[in-house]
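Quick notes on the structure that follows.
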Amino acid sequence: MAPALLLLLAVFALPMLQYAWLSTQAQTVLTELEPQPVGLAQWQRLLQDGRFWQDAFQTLRFGLCSVGLELVLGLAVALLLNQPLRGRTLLRTVSLLPWALPTTVMALGWRWIFNDPFGPINLLLAQVGLPTVSFLGDPAITWLSMVWADTWKTTPFVALLLLAGLQTIPADLYEAAALEGANRWQSLRRITLPLLSPYILIAVLFRLAQALGVFDLVQVLTAGGPAGSTESLALYAYINAMRFLDFGYSATLMLAAFLLMLLLSGGAVLLWLVSRPRWAGGQR
Amino acid sequence: MNRLLLILWSLGPMLWQLYTSFRPNATLTGNPMQGGWTLEHYQALLGGNPPFWRYLLNSGVVGLSSTLLTLVVAVPCAYGLSRLGRKTARNVNVLVAIAAAFPYVLLFLALLQLARDLHLGNNLLALSLPYTGLSLPLAILLLQASFRDIPPELEEAARLEGLGLWQRLRWVLLPLMAPAIASASLLIFLFCWNEYPIALTWLSRADLLTLAPAMARIAGASVFTVPYGGFAAATVLGSIPLIVLVLVFQRQIVSGLTQGAIKG
Amino acid sequence: MTAAANTNGSKGALKLQQLGRRVGRQQLLESLSLTVQPGEILALLGPSGCGKSTTLRLLAGLDPASSGQILLGDDDITATPPADRGVALVFQSYALYPHLSVERNLSLGPELRGTRPELIKEDINRVLDLLQLQDLRHRKPAGLSGGQRQRVALGRALLRRPRLMLLDEPMSNLDAKLREELRAELQHILRSIGAPVIYVTHDQHEAMGLADRIAVLERGQLQQVGSAEELYRRPANSFVAGFLGNPSINLLSLRPGLLIGLRPEQLRLAPAGATPASTETSLNAQLTTREWLGDRLLLHLSSANGPLKVMRPSSDTLAAGLQPGAHLEVQWSRGDALCFDARSGERIEPS
Amino acid sequence: MTLRRRLLGVVLASITLLLMATGVPAATIPVSVLMPASFADASAPLVREFNASHPHIRLEVTRGPLDTESVSDLAISSLLLGSSPYDLLLMDVTWTPKYVAAGWLEPLEGWLGDDAMAPLAPGADLGNAFSGHLWRFPMVASMGLLYWRTDLMAAPPRTPMELARISRELQSSGAVRWGYVWQGRQYEGLSTVYLEMLRGFGGRWIVDGSPTLDSKEAVAATRWLEGLIRQGISPPSVVTMAEPQTLQVFAAGQSAFMRNWPYAWNELNRAGSALAGKVGITTMVAEPGQPHVATQGSWGLALTKGSQHKRAAIEALQFLTSEESQTRLYEDFGYTPTRQAVFRDPKLVSAHPELPELEAALADAVLRPLTPVYAQISDLLYRELSRVFTARVSPQQGMEQLQEQTLQLRRTVGGEI
C-alpha cells in the first residue's frame, strides 16, 4: 500500500509543488534555461495576459458545452441501452467504440471530415446546393466543431456511467409510478433523474476535469486556430514550454488551470449538495 | 429508429475514414464519385520508415508493461485499503478519486523534468513508470471495490487453514478477482495505448514513438498534396487493434467502467 | 505439524478465563469464563449482537482479546496465530472457495500446509465418505445445495483434525425441515471429533437438541451455563427464562418488586369463578384469540395484570370450546411459578 | 491460465523484437540526422552514396514530421530530454537564436573554418551566424515567390494594386475561380507571407529591438491582405491554408497567383501537370518604390552540443551541403541551392532557365527577426493576423493590439527582442 501511495504522491502532488516553486522563477532561453527567482512576477504577468483569460474562457466554454451535451446525449443513449432491445450487446459495443479510440487518431479523422470543401458533410451540403461550412476556418464555428468531436468521443463514457446508475433503480418504482398514472416524462423527471443524480455528479466531475485539461484534440484538430479561438489552457502551457521554452510561465499557467479546475469541481459539488433531494441526505 | 441513429452516429466517422483510406488522393479532392480504389495508402504506411506497425508494437509494449506494473503495485494497495476501516478508507479514496479525475496533461512539464533528471527519455519501459502512476488511482478504486465484494470469511477461513498472506492472495483472493482484474487491466491498457502528452514529451526517437504521438506527427507522403488518404489509412490502422479489443472484451470494459461508477 | 500432533488424540479441555473484548468504547464481550471438555458440545445461545460471534472469533484467533486468557489443554493460546491453534471454524456462510471444486476446497489448506499428497488423498476420501459427498467431489460450490455446502464446510473443518471445533450458526442458511434432519447427524459427527465443540446459534431448539450444555449470552455478558433442563427449570434470571421456551414465558407483576414467571404449558384453565386447589393460584382472564397448533392450542388471554399465553393439549375440551370474549380462570401450582426480582431480573427462591 | 501465458508470450516477443531492432552493434561511427520528412526523402539517395563512400561512418536520417512546427517540437523535446539522439539537426532559419541561447548547439567555425560562408550566394548567407559564431550551414535555400500564370497574362504584377486588378479581371472573365492563394492559416507560414507584404508596403517588423507593427505601412499591408479575402480575390478558406493546400488549388488551375516556395516549381512543371510550362515565378509585389522582398526560409544543418561523433557528423554535413549534393537536390527535387557556384553552373542554368530568377529572388531575401524569442513574437503576429482575417477585429485595431502585445512581450523578456 505504501509504495502505491508514495507513487501517487510523486506523480500527482510533487509536480504541483514543483509548479508552485517554478511559478516564482524565470526559466527561459534568456536565463540559459537556469531558474532565476522573480517573486510573483509570473503571476502578475498571468493576470495581465489577455491570452490567458481568453484561453481560460475558451476552455471553460468548451468544457461546459461539451459536458452538457454529453450529459444529455449520454442520458438518451443510456435510456436506450437500458431497454430490453434485440441486439443490445452489439449496440452497446458499437456505441462504445468511439470512446476506445485514441483521441489523436480520431482528431486526425475529424480534420478530414470537417474539411472544406471535401469533407462528407460539406459534400452533402454541396450536393443539395447549400453553401459549405468552414468548420475549421471560422472562429465562431470551429470551437463548436471541437465540441462536436469531443462529444462524439466521450458520450459513450457518460452513457455507460449513467447506464450503471439506471440499472440500480428498481423496476418496481416505475411500475408503482405507472399505477399512479405517471407518464414517461414524469417518471423520468420524478424518479430517474433524482435517483441518477449521484451518477450524474460523478460523470460531470470526471468529465469536467478532463475537458478543462483538453489538449490532444485541440493540438491535432486545430492547433489552437483559427485566430486562437480554440486554444485551451493546456495547449497554451504546452506551447510556452515546448515552443517558447518559457518554463516558469508554463508552470504558472498549469497551476492556474489546476486551481481553476478545483474551483469549478468544488462549485459543481456544492451545486449538487444544494439541489439534491432531501431524502438523499440520509442515504450516506 | 433510435438504434439506427446511434449506430450511424457512432460508426459514421469511422466508416468515412475507411472509405477515404481506399481512395486515391486525386479522387478525394476532385470529383468524389469518380476514380477507383487503391491500397497505396496502406502500402505507403506499412512500407514507411519506420513502418506503421512499429508504432502499434510500441504502444502494445508500453501498454502491456504499464498494465502489468500497475497491477503489481495496485493489487497490494487495493487489498490494504479494502481491509482498512470504512472511514479511513473513504478519506483515502476521496484523494485517490481526485487523482483519478485529474487532467494529467498538466503534469507533463514536471514529468518531462523527471525524465531528463533520471535519463528516462526515449525508453519504452521507462515510460511505464509515469503511466503506472497515472493509472494507479483508477486501478486502486476498481480493485478495492472488488476486494470489498469478497466476503471476509473466505479469507478468514483460509487464515484458519494456515494460509499465509501471499498464499491467500494467490489461491483464494486473486482467482476470485480475475474478472475485476481483467476489467481494470483493459481500462489501464486502453489509457496507456491512447495516452498522448507524456508520450509526446518522453519520446523523441522516431522508431520508439507510440501510436498517439505518431499520429499527431505523422509525416505526409509528399509536400505537394495533403495526404488525406494516408491520414485516413493511419486512423484505420490505428483503430483496428482497439476495435478488436473492444469487440472481444466489451463485457469486461463495460463492467470495469460501471463498477468504477457504482463503487467509486 | 498440528495435524501430526493431533492424530494421537491428545485433546484437552478449553478454558476461557475472564475473556473480554473491547473495541473503542464498546464492550463486545465482558469477562467470560467457561470450560468445555473434550467431546463436549457447548452451545452459545443468545440474540444477535449478544457477543456469541465475538467469542467465536476470539477463540479462532481472528480478533485479538482485550483481556483474559484462552487455554486449550495445557497451552495458553490467547496470542497464538489462528493457523497454529489447531482450531477449525465452520462459518455461517460456509466460506467455501467459489472457484474451487469440492475436492480442491478440502485439499487446498493441507496442500499449502505441506501435508504429504497421499495422506491428503486418504483423509479427503475418509471425510467425503463420512459426509456422503463422494459424488459431488468435482462440483463447484455454486452447484451444491445449502445442506451439501454445509457438509463440505464441515468436511473442511474435520480435515484439520481440530483440537477445538467452532461452528457459527451452521444451520441458519438451511430450511427448517433440513435443519431437524441434520441435527442428529451433526451431533454424531461433532462428538466423533473428540475435541471441545462450541456451537453458536440463536435458535434455542437447535441448542437444546444438539448441545450438552448451553451458555446464554446477552449484551456481552454470560447469563447462565448449564444443561437445557437446568436453564429451563431454573433460569438464572428473567432474560434466560424469557429466551428459552416456546412460546415464551409469561412474566407478570402480581406483587410489587416481584416478577412472576409462568410457563404457558404449565397453566391450566377452569371456568370463570372456579376456586383453585390449595397449592394453586388462580387469575381471572378473558380470551382474546386462539391459535390451533395441531396437537396443542395456544390461547392468548388478557388479564388485569397483563396479557397471558396459555398452551393446552387439543384434547382439553374446555379450552377447545371457548369462544373469544369468554371469561375463565387461569390456574397454576405455586411450585411451578418462578420468581424474579423486578429490578435486577435475578431469580429469587420463593420464601 | 492460457490467457496469461499468451499475454506473457506477447510481451516477450515484443521485447525481443525491440532489442533486435535497436540493439545492432556497430563497428562504424553512427551519425544521425533529424530532417523534416520532405528533406529526408529527398536526401535519401545522397545518404546512400555517403554511406557507400564513407565505410567508417553510418549516416542515418530520421524522417521527422512534414510540417515545420512539428519538426521543431520533436527536435526540442529530444534536446530537452538531455541526451539527444541526434548529431545533426536540419534547422529552419528562425530556430537558430533560440537553440543557441538554450545552449544546444556547437559553433561550426572551428570545424569549417572562418571563411566557411564565403562560397554562399548572397541571401543564403543570412541567418547562420548569431552572437559572433557560426551555428548552421545552409543546405537548401528557400524564399517566398510569387507564382503566376504565363498563359493568362503577359507579365506578372509588380504592385499590390496590379495583382488585385488582374485577379478581378481574370475572375470575372471566368478564367479562374480565385485570384490569389497564399498561406493564411494561423501558423509560421503566415508570418513569412506577411513579412513580404509588410516590407512591400514599406513597413518593418522590428526596428532596433522595438516593434513597429502599428505603423500605417503595417496596417496598410494587413488591410490589403484582409481585403483580398473580403473582396473574394482569395477564397475564404485561405485562412486554413498552408503550402500544400495553396499548391493544390493553384495546380488545379483555380487560381491566377500563388505565394509559395521554390520547390513548387518542379511539381508544377513535372510531366502530366496541367500547368506545365504555363507558370512563371517572380518576387512578391510591392508598392512603388518599395523593395520586392522574399522571406528567407533556408534549411541548414547544425551540430548538437551533445553529439558524441562530432568529427564524423561534420564530414556528413560537408557532404550533404556540397556543390554536387546541392546540384542533385535541385535537379531532382527543385530544392534551391545555397552555393554561388551552383547558381552559376552554366550547364545547370541552360537546363533550368529559372535558376537566375531564383538567384535574384534569394538576393532580395530578408530574414525574420533574429532573436531567441522569435517563436513568441511570430506567434503573436500570426495569431493576431488570423483574428483580422477571420473578421474578429479590424486591421487597424488588430495591428494596434499586436503592437501592444509585442511591447508587453518585450517588457517581459527584459527590453530586447
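Residue numbers (the working numbering), protein chains in the order written: chain A, 1 to 284; chain B, 1001 to 1264; chain C, 2001 to 2351; chain D, 3001 to 3417.
Every residue gets a Cβ at the ideal spot worked out from N, C-alpha and C, and that includes glycine.
Notebook entry, point to check: When DSSP labels each residue in this structure, what does Gly281 (chain A) get in the three-state scheme?
Noted result: Low confidence applies to Gly281 (chain A): its pLDDT is 41, below 50, so where it sits in the model is not reliable, and the reading given next is rough at best. Gly281 (chain A) sits in a helix when the DSSP states are folded into three classes.
Next item on the list: For Pro3025 (chain D), count neighbouring Cβ atoms within 10 angstroms of its own Cβ and tell me buried if that reaches 16, exposed if not.
Entry: With a pLDDT of only 48 at Pro3025 (chain D), under 50, the local geometry of the prediction cannot be trusted, and no value is derived from it.
Check: Residue ranges of each alpha helix (DSSP H) run of no fewer than 4 residues wholly in the stretch 1158–1239 of chain B, ordered along the chain?
Finding: Here the runs fully enclosed are 1174–1194, 1197–1202, 1211–1217.
Check: Residues of chain C with CB under 8 Å from Glu1040 (chain B), in chain order?
Finding: Ordered by position in chain C, no residue passes the 8 Å Cβ test against Glu1040 (chain B), which lies about 52 Å from the chain.
Next item on the list: Just the chain B side, please: which residues come within less than 7 Å of Met254 (chain A) by C-beta, in chain order?
Entry: Correct list: Leu1106, Leu1109.
Next item on the list: Can you have a look at Tyr19 (chain A) and say buried or exposed, based on whether 16 or more other CB atoms are within 10 angstroms of its CB?
Entry: Classified as buried, Tyr19 (chain A) has 16 or more neighbouring CB atoms from the shown chains inside 10 Å of its CB.
Next item on the list: Check whether the Cβ atoms of Leu3170 (chain D) and Leu3146 (chain D) lie closer than 7 Å to each other.
Entry: Leu3170 (chain D) is not a Cβ neighbour of Leu3146 (chain D), given a cutoff of 7 Å.
Check: Are the CB atoms of Ala1078 (chain B) and Leu1143 (chain B) nearer to each other than 7 Å?
Finding: Yes; because the gap between Cβ atoms is below 7 Å, this pair is in contact.
Note to self: Quick check: Phe52 (chain A) and Leu46 (chain A), are their CB atoms within less than 7 Å of each other?
What the structure shows: Contact flag set, yes.
Notebook entry, point to check: Ends of the beta strand (DSSP E) at Ile2041 (chain C)?
Noted result: Its beta strand (DSSP E) spans residues 2041–2045.
Item checked: Short Cβ contact (7 Å threshold) for Arg2126 (chain C) with Lys2011 (chain C) -> Judged by their CB atoms, Arg2126 (chain C) and Lys2011 (chain C) are not nearer to each other than the 7 Å cut-off.
Check: From the beta carbon of Val3239 (chain D), is the nearest beta carbon of chain A less than 7 Å away?
Finding: Yes, Val3239 (chain D) counts as interfacial toward chain A.
Next item on the list: Step through the CB atoms of chain B and report whether any lies within less than 7 Å of the CB of Gly3082 (chain D).
Entry: Gly3082 (chain D) has a beta carbon lying within less than 7 Å of a beta carbon in chain B.
Checklist line | Collapsed DSSP secondary structure at Cys2339 (chain C) in the structure displayed | finding: Cys2339 (chain C) falls in the strand class under three-state DSSP.
Check: Along the chain, which unbroken stretches of the alpha helix (DSSP H) at least 4 residues long are found entirely within the stretch 2109–2167 of chain C?
Finding: For the stretch 2109–2167 of chain C, whole alpha helix (DSSP H) runs of length 4 or above, ordered along the chain, are 2117–2130, 2146–2159.
Next item on the list: On the DSSP bridge assignment, give the partners of Phe3257 (chain D) in chain order.
Entry: DSSP lists D:Trp3148, D:Tyr3180 as partners of Phe3257 (chain D).
Next item on the list: In angstroms with no decimal places, state the Cα-to-Cα distance between Gly3113 (chain D) and Gly3132 (chain D).
Entry: Whole-angstrom Cα-Cα distance: 14 Å.
Check: Do you know whose CA, among A:Leu75, A:Ala2, A:Leu40, A:Gly50, lies nearest Tyr236 (chain A)'s CA?
Finding: Relative to Tyr236 (chain A), the option among A:Leu75, A:Ala2, A:Leu40, A:Gly50 whose CA is nearest is A:Gly50.
Checklist line | Min CB distance Leu3074 (chain D) to chain B below 7 Å | finding: True, the Cβ-Cβ gap to chain B drops below 7 Å.
Checklist line | For Asn122 (chain A), the first and last residue of its enclosing alpha helix (DSSP H) | finding: Its alpha helix (DSSP H) spans residues 120–127.
Margin query: Cutting at 7 Å between CB atoms, please list the residues of its own chain near Ile2249 (chain C), excluding the five before and the five after it.
Written below: Apart from the 5 residues on each side of it in sequence, Ile2249 (chain C) sits with its Cβ closer than 7 Å to the Cβ of Ala2241, Gly2242, Gly2261, Leu2262, Arg2263 in its chain, given in chain order.
Next item on the list: Could you check if Gly3300 (chain D) is buried or exposed, using at least 16 other CB atoms within 10 Å of its CB as the buried criterion?
Entry: Buried: at least 16 other Cβ atoms inside 10 Å.
Item checked: Buried versus exposed call for Asp2074 (chain C) [16 or more other C-beta atoms within 10 Å across all chains shown] -> It is exposed - the Cβ of Asp2074 (chain C) has fewer than 16 other Cβ atoms within 10 Å.
Next item on the list: Could you tell me whether the Cβ atoms of Pro3160 (chain D) and Trp3095 (chain D) are closer together than 7 Å?
Entry: With respect to Trp3095 (chain D), Pro3160 (chain D) sits apart: the two C-beta atoms are not nearer than 7 Å.
Note to self: Please state the DSSP three-state secondary structure of Glu1153 (chain B).
What the structure shows: Helix at Glu1153 (chain B).
Notebook entry, point to check: Between the beta-carbon of Gly2155 (chain C) and the beta-carbon of Leu2131 (chain C), is there less than 7 Å?
Noted result: Yes, the Cβ-Cβ distance between Gly2155 (chain C) and Leu2131 (chain C) is below 7 Å.
Next item on the list: Ignore the nearest five residues each way along the sequence and tell me which others in Leu1112 (chain B)'s own chain have a CB closer than 6 Å to its CB.
Entry: Correct list, in chain order: Thr1201.
Notebook entry, point to check: What residues are listed by DSSP as bridge partners for Glu2280 (chain C)?
Noted result: Partner(s): C:Ser2333.
Item checked: Candidates C:Leu2283, C:Leu2167, C:Asp2123, C:Leu2252: closest to Glu1153 (chain B) by CA position -> A check of alpha carbon separations from Glu1153 (chain B) across C:Leu2283, C:Leu2167, C:Asp2123, C:Leu2252 identifies C:Leu2167 as the nearest.
Notebook entry, point to check: Hey, is the stretch 1177–1194 of chain B in contact with the stretch 1086–1096 of chain B, meaning 3+ C-beta pairs nearer than 8 Å?
Noted result: Counting C-beta pairs closer than 8 Å gives fewer than three between the stretch 1177–1194 of chain B and the stretch 1086–1096 of chain B, which falls short of the contact rule.
Item checked: Thr3031 (chain D) at chain A interface by Cβ criterion, 7 Å -> Sequence inspection shows Val at residue 3031 (chain D); the Thr mentioned does not correspond to that position. So, not an interface residue.
Check: When the Cβ atoms of the stretch 3216–3232 of chain D are set against those of the stretch 3241–3260 of chain D, are three or more pairs found closer than 8 Å?
Finding: They do not touch, by the three-pair rule.
Checklist line | CA nearest to the CA of Gly2273 (chain C), picked from C:Leu2258, C:Val2036, C:Glu2329 | finding: Relative to Gly2273 (chain C), the option among C:Leu2258, C:Val2036, C:Glu2329 whose CA is nearest is C:Glu2329.
Next item on the list: Ignore the nearest five residues each way along the sequence and tell me which others in Pro3291 (chain D)'s own chain have a CB closer than 7 Å to its CB.
Entry: Around Pro3291 (chain D): Arg3199, Asp3364.
Next item on the list: Quick one: using the 10 Å Cβ neighbour count with 16 as the cut-off for buried, is Ile1253 (chain B) buried or exposed?
Entry: Classification for Ile1253 (chain B): buried.
Check: Thr3062 (chain D) versus chain B: which residues are under 7 Å apart at the beta carbon?
Finding: By Cβ distance, chain B contributes Ala1206.
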